[in-house]
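Novice: Sharing a structure, written as structure tokens. Questions coming.
2 protein chains.
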Amino acid sequence: MRILVTGAAGFIGRMVVGALAARDTLVLNGQERCISAILACDMAEAPLADLAASHRRVHALPGALSDPAILARITEDSPELVIHLAAVVSGQAEADFDLGMAVNLQSTIDLINACRGMARPPVFVFSSSVAVFSCAANDTISEDTLPAPRSSYGTQKLMGELLVRDATRKGFILGRSLRFPTISVRPGAPNKAASSFASGIIREPLAGQEAPLPVGRDLRLHLASPAKALEYTLAACGLDQNALGETTTITLPGITVTVGEMLETLRRVAGDRVADRVRPAPDATIAAIVNSWPGEIITPRARALGFTPDAAFTNLVQDHMTAMGLSQS
Amino acid sequence: MRILVTGAAGFIGRMVVGALAARDTLVLNGQERCISAILACDMAEAPLADLAASHRRVHALPGALSDPAILARITEDSPELVIHLAAVVSGQAEADFDLGMAVNLQSTIDLINACRGMARPPVFVFSSSVAVFSCAANDTISEDTLPAPRSSYGTQKLMGELLVRDATRKGFILGRSLRFPTISVRPGAPNKAASSFASGIIREPLAGQEAPLPVGRDLRLHLASPAKALEYTLAACGLDQNALGETTTITLPGITVTVGEMLETLRRVAGDRVADRVRPAPDATIAAIVNSWPGEIITPRARALGFTPDAAFTNLVQDHMTAMGLSQS
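Chains as they are written, first to last, in UniProt numbering: chain W, 1 to 329; chain P, 1 to 329.
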């Protein structure tokens, strides 16, 4: 089977493409299938070319999902699996409303329309976010809680989920939307996600740099490791559509930690000198967004579907140190 | 103040334009204001011209909301109140997915973008529907129930609600979305709404015609009269934005009756000869859509905001007979 990954040059996109390229088969909609080609689509041409050069069966498809030529090419390729990760992150969607609407909503509409022209409805994995939720003060909620986003990012993702649900009901796609937890520790540079600090306060100190802390130590976060985000994505491809029923959205499990516990873990694992590199730098804009996100989400449905969270935050720190080749104190 | 009404040539649109033209002032966002002009926008030119000719201060704006020239004209006019009623009805949106997306979703996005260019954020009343809900078997739900539409119409309306909420939070508009009950007895010809029978089984027999009954007698409906729909719309314009808070959507109260009770009421008010004109004509497509709609909705928030339902279904039948000049048996 052919697979399309959008946002392939992004952080999760690169992981997903790499993992798919490293294996010969994947369970798709309940059945094990051979992987024949992986189409990696992204606007960032250079990293895409690197991906295609370093992995067999990976083909670069550089361009924007707003480009009719790219959409026509996707329809023509008729992948049996579409993993739609292309997105503008939360802080950027809040700062630039039009960009967020164009990328997070319109591209999803356009991509689903491209799927309608394919030989058969593809399995369609849509990356959503727990930012669709909001609560009074970083509360504990459940996967059945009424979403009520307090950001344009969360609004656009929730609109996308609804479209995926309806397009699945109409038989255009076999949709499954994943509400990802905040990913920590995300490698690379800080990005414009409001939750960027949740990786930065671990990653930067370990790399010998100071890290600003824009929020209070009592803030709770619902987190998953990069490895877990990849595992969730591949598991979502494999789910039997019948197991989802009409409810095509899955709120993924996460582990709940306070910012204070994250910093204590860093101190324990990496020592005082590293932990002391985190400096309070209150940011009202970031705090307003992330404070409205749930601190803990109870997810029995996702667990029944086979999704299990990371074991403990210590593992997230240790995994990152291992990946970066850092030794523990 | 200037007022824009979209879908002005439609059933509720004509009522709203007529009612606004008949009065000199309107409470807008908590303050009584003078009405200087009513811009009536619709694709149907002839009825629009009639509206403008028969009401003072009403100006016809013929065209589609997908036309950049119409949107530019709306921005330039800078109305302080936008009543956005233009829509494709449920049965039509289900039969023609692209048309539903274009009119029910894209036009709402475009109109809100037009508002962003105005001198000040207008009060924006968006007509949504209880079709955003679904339930197991015509169940009783509350205004806090998680919407889970089983129609493209309900999906598009729910996406519109989310956009209105976010655009209000961003300060682009002062939004309020109204989830209308099924309107009965709606005058005129049957339309492509899946709920069209809810008017047809009263209206057609009273007009001496046979009426098909596509659903069972046990089906419960959440109804409001045309007069109540108008009252709700004007009251929504008047609400103080602070009274809504972040929750810009209002699930409107309705009265709950079974189809059997509707037919008994018709028999009691208009006699056997009239009631016997209703003939069972099961329609699986219509039944599938309307059976997933709630039969009863508990709406304490809407009632606290001042919205009260009709008194009884008898009134809806009698109101229609009065409007049509029909005498009661």
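Beta carbons are placed, not taken as given, at the ideal position from N, Cα and C, and that holds for glycine.
Cβ of Lys-157 (chain P) within 8 Å of Cβ of Gly-91 (chain P)?
Specialist: By one-based count along the second sequence, residue 157 (chain P) stands at place 157. By one-based count along the second sequence, residue 91 (chain P) stands at place 91. The answer is no: Cβ separation not under 8 Å.
Novice: The alpha helix (DSSP H) that contains Leu-178 (chain W), what's its start and end?
Specialist: As a working note, residue 178 (chain W) is residue 178 in the first sequence. Taken as a continuous stretch (DSSP letters only), Leu-178 (chain W) belongs to no alpha helix (DSSP H), being part of the beta strand (DSSP E) at 174–180.
Novice: Using CA coordinates, which residue listed in P:Ala-235, P:Glu-204, P:Ile-255, P:Gly-254 is at the minimum distance from Leu-326 (chain P)?
Specialist: Within the second sequence, numbered from 1, the residue matching residue 326 (chain P) stands at position 326. Among P:Ala-235, P:Glu-204, P:Ile-255, P:Gly-254, the Cα nearest to that of Leu-326 (chain P) is on P:Glu-204.
Novice: As an exercise, report each continuous alpha helix (DSSP H) stretch of at least 4 residues that is fully enclosed by the segment 41–100 of chain P, in chain order.
Specialist: Listed in chain order, the complete alpha helix (DSSP H) runs (minimum 4 residues) inside the segment 41–100 of chain P are 45–54, 68–77, 90–95, 97–100.
Novice: According to DSSP, what are the bridge partners of Val-27 (chain W)?
Specialist: By 1-based counting over the first sequence, the position of residue 27 (chain W) is 27. Partner(s): W:Glu-32.
Novice: I'd like the span of the beta strand (DSSP E) that includes Ser-129 (chain P), first residue to last.
Specialist: Walking along the second sequence from the start, residue 129 (chain P) turns up at place 129. From DSSP, the beta strand (DSSP E) with Ser-129 (chain P) extends over 123–129.
Novice: Pick from P:Leu-20, P:Ala-114, P:Asn-104, P:Ala-302: whose alpha carbon is nearest that of Ala-153 (chain P)?
Specialist: As a position in the second sequence, residue 153 (chain P) is number 153, starting the count at 1. Reading the sequence as shown, one finds Tyr at residue 153 (chain P) and not Ala. Of the listed residues, the one whose Cα sits closest to Tyr-153 (chain P) is P:Asn-104.
Novice: Between which two residues does the alpha helix (DSSP H) harbouring Ala-229 (chain W) extend?
Specialist: To locate residue 229 (chain W), count along the first sequence from 1; it is residue 229. Segment 226–238, the alpha helix (DSSP H) holding Ala-229 (chain W).
Novice: Any beta-carbon of chain C closer than 8 Å to the one on Lys-170 (chain P)?
Specialist: The structure shown contains no chain C; its protein chains are W and P.
Novice: At a CB-CB cut-off below 8 Å, which residues of chain P make contact with Arg-150 (chain W)?
Specialist: Sequence index remark: in the first sequence, residue 150 (chain W) carries index 150 (1-based). Within chain P, the residues near Arg-150 (chain W) are Arg-169, Glu-246.
Novice: So, helix, strand or coil for Thr-155 (chain W), using DSSP?
Specialist: Taking the first sequence and counting its residues from 1, one reaches residue 155 (chain W) at position 155. Residue state, collapsed to three classes: helix.
Novice: Between which two residues does the beta strand (DSSP E) carrying Ala-198 (chain P) extend?
Specialist: Counting from 1 along the second sequence, the entry for residue 198 (chain P) is found at position 198. Unbroken run through Ala-198 (chain P) is the alpha helix (DSSP H), 197–206; no beta strand (DSSP E).
Novice: Could you check if Met-262 (chain W) is buried or exposed, using at least 16 other CB atoms within 10 Å of its CB as the buried criterion?
Specialist: The residue given as residue 262 (chain W) occupies position 262 in the first sequence. Buried is the call here.
Novice: Apply the 10 Å Cβ neighbour rule to Asn-291 (chain P) and answer buried if 16 or more other Cβ atoms are within range, or exposed otherwise.
Specialist: For the purposes of this step, residue 291 (chain P) is identified with residue 291 of the second sequence, where counting begins at 1. When all chains shown are included, Asn-291 (chain P) counts as buried.
Novice: Which class does Glu-264 (chain P) belong to by DSSP, given the choice of helix, strand or coil?
Specialist: Residue mapping note: residue 264 (chain P) aligns to position 264 of the second sequence, counting from 1. Helix at Glu-264 (chain P).
Novice: Please report whether the beta-carbon of Phe-97 (chain P) lies at a distance below 8 Å from any beta-carbon of chain W.
Specialist: By 1-based counting over the second sequence, the position of residue 97 (chain P) is 97. Yes - at least one Cβ of chain W is within 8 Å of the one on Phe-97 (chain P).
Novice: Got a sec? Which residues, its chain only, sit under 8 Å from Cys-34 (chain P) by beta carbon, not counting five neighbours each side?
Specialist: Reading the second sequence from its first residue, position 34 is the one you call residue 34 (chain P). Cβ neighbours of Cys-34 (chain P) beyond the five flanking positions: Met-1, Asp-24, Thr-25.
Novice: Are the segment 125–136 of chain P and the segment 78–89 of chain P in contact at 8 Å, needing three or more beta carbon pairs?
Specialist: A contact exists between the segment 125–136 of chain P and the segment 78–89 of chain P.
Novice: Return yes when the Cβ of Ile-173 (chain W) is within less than 8 Å of the Cβ of Leu-85 (chain W), no when it is not.
Specialist: Here the question's residue 85 (chain W) lines up with position 85 in the first sequence. Here the question's residue 173 (chain W) lines up with position 173 in the first sequence. It is not a contact, given that the beta carbons lie outside the stated cut-off.
Novice: Determine whether the beta carbon atoms of Ala-323 (chain W) and Arg-277 (chain W) lie at a separation below 8 Å.
Specialist: If you number the first sequence from 1, residue 323 (chain W) lands on position 323. If you number the first sequence from 1, residue 277 (chain W) lands on position 277. Not a contact, by the Cβ cut-off of 8 Å.
Novice: Can the beta-carbon of residue 330 (chain P) be found closer than 8 Å to that of Asp-139 (chain P)?
Specialist: The question about residue 330 (chain P) has no answer here: the residues shown for chain P are numbered 1 through 329.
Novice: Going by DSSP in three states, Thr-168 (chain P) sits in which element: helix, strand or coil?
Specialist: Residue numbering aside, residue 168 (chain P) sits at position 168 when the second sequence is read from its first letter. Thr-168 (chain P): helix per DSSP, three-state reduction.
Novice: Is any beta-carbon of chain W found at less than 8 Å from that of Asp-166 (chain P)?
Specialist: The sequence position of residue 166 (chain P) within the second sequence is 166, counting from 1. It does: the Cβ of Asp-166 (chain P) has a partner Cβ on chain W nearer than 8 Å.
Novice: Helix, strand or coil: which one does DSSP assign to Val-185 (chain W)?
Specialist: Locating residue 185 (chain W) in the first sequence gives position 185, where the first residue counts as 1. Reduced to three states, the DSSP call for Val-185 (chain W) is coil.
Novice: Taking 8 Å as the cut-off, decide whether the C-beta atoms of Leu-178 (chain P) and Thr-233 (chain P) are in contact.
Specialist: Translated into the one-based positions of the second sequence, residue 178 (chain P) becomes position 178. Translated into the one-based positions of the second sequence, residue 233 (chain P) becomes position 233. Result yes, Cβ atoms of Leu-178 (chain P) and Thr-233 (chain P) sit closer than 8 Å.
Novice: Assuming contact is defined by CB atoms lying nearer than 8 Å, are Thr-75 (chain P) and Ala-37 (chain P) in contact in what I supplied?
Specialist: For the purposes of this step, residue 75 (chain P) is taken as the residue at position 75 of the second sequence. For the purposes of this step, residue 37 (chain P) is taken as the residue at position 37 of the second sequence. In this structure, Ala-37 (chain P) does not lie closer than 8 Å to Thr-75 (chain P) by Cβ.
Novice: So which residues of chain W does Met-159 (chain P) contact, with C-beta pairs closer than 8 Å?
Specialist: Sequence index remark: in the second sequence, residue 159 (chain P) carries index 159 (1-based). Met-159, Leu-162, Leu-163, listed in chain order.
Novice: Would you list, in chain order, the members of the segment 136–148 of chain P that have their beta-carbon closer than 9 Å to a beta-carbon of chain W?
Specialist: So the list reads Asp-144, Thr-145, Leu-146, Pro-147, Ala-148, given in the order they occur along the chain.
Novice: Would you kindly work out how many angstroms separate the C-alpha atoms of residue 342 (chain P) and Gly-175 (chain W), rounded to a whole number?
Specialist: Because chain P here runs from 1 to 329, residue 342 (chain P) falls outside it and cannot be looked at.
Novice: Three-state secondary structure (DSSP) at Glu-296 (chain W)?
Specialist: Here residue 296 (chain W) corresponds to residue number 296 of the first sequence, with the count starting at 1. Correct three-state label for Glu-296 (chain W): strand.
Novice: Pair every Cβ in the segment 263–272 of chain W with every Cβ in the segment 46–55 of chain W, then say whether three or more of these pairs are closer than 8 Å.
Specialist: Touching, no.
Novice: Between which two residues does the beta strand (DSSP E) containing Val-257 (chain W) stretch?
Specialist: Counting from 1 along the first sequence, the entry for residue 257 (chain W) is found at position 257. Segment 255–258, the beta strand (DSSP E) holding Val-257 (chain W).
Novice: If you draw a straight line from the C-alpha of Pro-47 (chain P) to the C-alpha of Ile-250 (chain W), how long is it?
Specialist: What you label residue 47 (chain P) is simply residue 47 of the second sequence in a count that begins at 1. What you label residue 250 (chain W) is simply residue 250 of the first sequence in a count that begins at 1. Pro-47 (chain P) and Ile-250 (chain W): Cα-Cα distance of roughly 47 Å.
Novice: Give me the Cα-Cα distance between Met-15 (chain W) and Asp-50 (chain W), rounded to the nearest whole angstrom.
Specialist: Against the first sequence, residue 15 (chain W) aligns to sequence position 15. Against the first sequence, residue 50 (chain W) aligns to sequence position 50. Their Cα atoms are separated by approximately 13 Å.
Novice: In terms of residues, what are the limits of the alpha helix (DSSP H) holding Ser-142 (chain P)?
Specialist: Along the second sequence, read from residue 1 onward, the residue named residue 142 (chain P) stands at position 142. First-last for Ser-142 (chain P): 140–142, but that is the beta strand (DSSP E), not the alpha helix (DSSP H).
Novice: Counting only beta-carbon separations shorter than 8 Å, does Thr-155 (chain W) have a partner in chain P?
Specialist: One-based indexing of the first sequence puts residue 155 (chain W) at position 155. Yes, its Cβ sits closer than 8 Å to a Cβ of chain P.
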